[in-house]
Structure formats: C-alpha cells, structure tokens
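S.K.: Its first residue numbered 51, the sequence shown is counted upward by one per residue in the working numbering.
What follows is a structure written as structure tokens; I'll ask about it next.
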Amino acid sequence: MKKIKLKHGELVLVDDEDFDELNKYKWCLNSGGYATRRKDTHTSILMHRFINSTPKRQETDHINGNKLDNRRENLRNVTHSQNQLHSRLPKTNTSGVKGVVWDKKNKKWQAQIKIKGKNHFLGRYKTVMEAYYKRKEAEQVMAIIYE
Numbered sequence: 051m052k053k054i055k056l057k058h059g060e061l062v063l064v065d066d067e068d069f070d071e072l073n074k075y076k077w078c079l080n081s082g083g084y085a086t087r088r089k090d091t092h093t094s095i096l097m098h099r100f101i102n103s104t105p106k107r108q109e110t111d112h113i114n115g116n117k118l119d120n121r122r123e124n125l126r127n128v129t130h131s132q133n134q135l136h137s138r139l140p141k142t143n144t145s146g147v148k149g150v151v152w153d154k155k156n157k158k159w160q161a162q163i164k165i166k167g168k169n170h171f172l173g174r175y176k177t178v179m180e181a182y183y184k185r186k187e188a189e190q191v192m193a194i195i196y197e
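Shown next, in the form of structure tokens:
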C-alpha cells in the first residue's frame, strides 16, 4: 500500500501496482471529499472510478466508507440504489438508525427506505428496534433484487 499526496496535503491510499500510473497526475480533493483530477476544461476524473474501471451506469462504493481509501479491495461497482443503501447516516438523524424516524403525530417509530429516488413506507412501530429490523429486512430484499 502507498499514499498519494493531494494538492492541499490530504493522503489517498492506493495499491502498490496503481501508484506509478496515478502519481503521473496532480490530484486534488473535490467538494464531495473524493480525489479527482482535471482531464480537460470540461471533464474531471475521480480516482476511485479510474482505478476500478467503473462502467458509466454504475457507481463505485468505498466499502469501509473512507473516500480516500482507494485500494482495490475497498472498491466495488454497484448500482445507485445499492450505493444509497450503504451510505452514512444523515447528520440530522436522531434515531441512530438509517431509514428510521420518529413520527411525532402517531408517537411511533417509522421505517422507510428509498429505492430509485422514491421513498417507500415500511410501517410504524412501538420501538426503534422493531423499525430497525423492518428496515434491515427491506435492505436485504433490495440487495438481492439489485445484485
């Protein structure tokens, strides 16, 4: 494993076999927190997509959630829906569980999941754990469908 230094000093982890090719270019951190470089005045290239040869209609998931860990073992090609299932909790989340929110009106925990940009209601539950299990069940079904 080697490290590539970005424009402002951030370090990106890469495999030894990718280092020489990647190090030919000047990389910087984009607004989303990913290593990127300019191909021309209108096009930029994300390091993780370059390494993983990600097809146009797919995304690259960082398995461990670290956007600056671009080792091949940490990258996988996924659909947008799969990538969303693996994303981090929003900062506004109060339940500690992705897809579970408190329904003030009904005084219950509500489970939901977003698939292809559309929210799907999974029910309301007395406990956060019940809502959590329903959400996890839906994630597993979606992972099977979209594999």
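We treat Cβ as the ideally placed atom computed from N, Cα and C, and that holds for glycine.
Would you list the one or two residues that DSSP bridges to residue 30?
M.R.: No answer is possible for residue 30: the residues shown for the chain start at 51 and end at 197.
S.K.: Measuring CA to CA, which of 166, 79, 121 is closest to residue 68?
M.R.: The shortest Cα separation from residue 68 among 166, 79, 121 belongs to 121.
S.K.: Please state the DSSP three-state secondary structure of residue 137.
M.R.: Note: residue 137 maps to coil in three-state DSSP.
S.K.: Under the rule that 16 or more other beta-carbon atoms within 10 Å means buried, what is residue 153, buried or exposed?
M.R.: When all chains shown are included, residue 153 counts as exposed.
S.K.: Which runs of the alpha helix (DSSP H), 4 residues or longer, sit entirely within the region 91-137?
M.R.: Correct list: 97-102, 130-135.
S.K.: Give me the Cβ distance between residue 163 and residue 189, rounded to the nearest whole Å; I'm assuming they're in contact under 8 Å.
M.R.: That pair is a contact at about 7 Å.
S.K.: Over what stretch of residues does the alpha helix (DSSP H) that includes residue 72 continue unbroken?
M.R.: Residues 66-72.
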